[in-house]
Amino acid sequence: MRLLIMGPPGAGKGTQATFIAERFGIPAISTGDIFRANVGQGTPLGVEAKRYMDAGEYVPDSVTNNMVRNRIAEPDAAGGFLLDGYPRTLAQVEELDGMLAESDHKLDAVVVLTADSDELVARLLQRAQIEGRADDTEDVIRRRQEVYLAETEPLIAVYDARGLVRAVDGMGEVGEVTQRIAAELDDIDEN
Ligand code: ADP
275 MRLLIMGPPG
285 AGKGTQATFI
295 AERFGIPAIS
305 TGDIFRANVG
315 QGTPLGVEAK
325 RYMDAGEYVP
335 DSVTNNMVRN
345 RIAEPDAAGG
355 FLLDGYPRTL
365 AQVEELDGML
375 AESDHKLDAV
385 VVLTADSDEL
395 VARLLQRAQI
405 EGRADDTEDV
415 IRRRQEVYLA
425 ETEPLIAVYD
435 ARGLVRAVDG
445 MGEVGEVTQR
455 IAAELDDIDE
465 N
């Protein structure tokens with residue numbers, strides 16, 4: 275089972291990724307979480323990534339692609355994975371296509387969480403107070419939304435053309451959204 279979860283910043287990808295991954299017994303791999311862990315540990319990757327993240331910009335593809343390549347090669351991802359926050363650019367889509375082709379695998383589905391943009395800003399500002407993420411200030415949130423619209427939203431059409439997109443309304447209670455996703459993925463075999 276190889277899945278992606280996509281959606282605008284604040285759509286609840288990380289929260290839902292955890293549930294989906296559990297349901298299918300696969301690891302949820304969040305590039306944002308990996309970057310934040312590296313920032314926290316002060317690794318060279320973290321130092322590099324922090325410059326971009328704090329400004330709401332994307333970390334360069336070369337850095338991100340290598341990180342994902344290494345992560346999905348780990349033993350726990352051999353039977354599948356759910357990627358949260360990757361791919362975010364067309365170049366990353368192509369890179370992921372290459373990684374999957376090398377191991378003779380393909381994506382089973384791309385879950386797209388849809389959300390209302392005012393609600394998103396409100397959620398992110400609230401998260402800023404709770405988690406204290408450096409990139410959850412109002413200006414940076416706006417920039418992240420702009421970058422998402424310019425760079426990442428167009429990828430949905432790419433995956434839609436491949437027949438992989440499962441759009442799910444991301445508004446409402448966390449549990450409700452989880453149920454909607456589970457229903458959308460009902461027909462996919464757990465292999
Ligand atoms: P959000 O919750 O806003 O979707 P994430 O936690 O997924 O944010 O990512 C936080 C930041 O990490 C991004 O704004 C970006 O700087 C960096 N990042 C995460 N994934 C990628 C990626 N695939 N390509 C480039 N940068 C990334």
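Read left to right, the sequence shown gives residues 275 to 465 (my numbering).
Virtual Cβ for every residue (Gly too), placed ideally from N, Cα, C.
With fewer than 16 other beta carbons inside 10 angstroms of its own, S336 counts as exposed.
For the pair L394 and Q419, the CB atoms are nearer than the 9 angstroms cut-off. Between the C-alpha atoms of A396 and E458 there is a straight-line separation of about 27 angstroms. If you ignore the 5 residues before and after I308, its C-beta comes within less than 8 angstroms of the C-beta of M341 and R345, all in its own chain and listed in chain order. A heavy atom of the ligand ADP is found nearer than 8 angstroms to the CB of Q366.
The alpha helix (DSSP H) runs of length 4 or more contained entirely in the region 419 to 450 are, from start to end of the chain, 427 to 435. By DSSP's assignment, D378 forms no beta bridge with any residue.
The beta-bridge partner set that DSSP reports for T388 consists of D443. Per DSSP, L278 is one residue of the beta strand (DSSP E) stretching across R276 to M280. Shown here for G284: same chain residues with a beta carbon closer than 6 angstroms to its own, the five before and five after excluded, namely L394, R397 and L398 in chain order.
Going by beta carbons, G444 and T388 fall inside the 9 angstroms limit.
In this structure V448 is exposed. Its beta-carbon is surrounded by fewer than 16 other beta-carbon atoms within 10 angstroms. Beta-bridge analysis with DSSP links I303 to L357. The three-state secondary structure of A408, taken from DSSP, is coil. Taking each of D461, P282 and Q403 in turn and checking the Cα distance to P361, the smallest one comes out for P282. A Cβ-Cβ distance of about 7 angstroms is found for the pair R401 and R407, placing them in contact under the 8 angstroms criterion.
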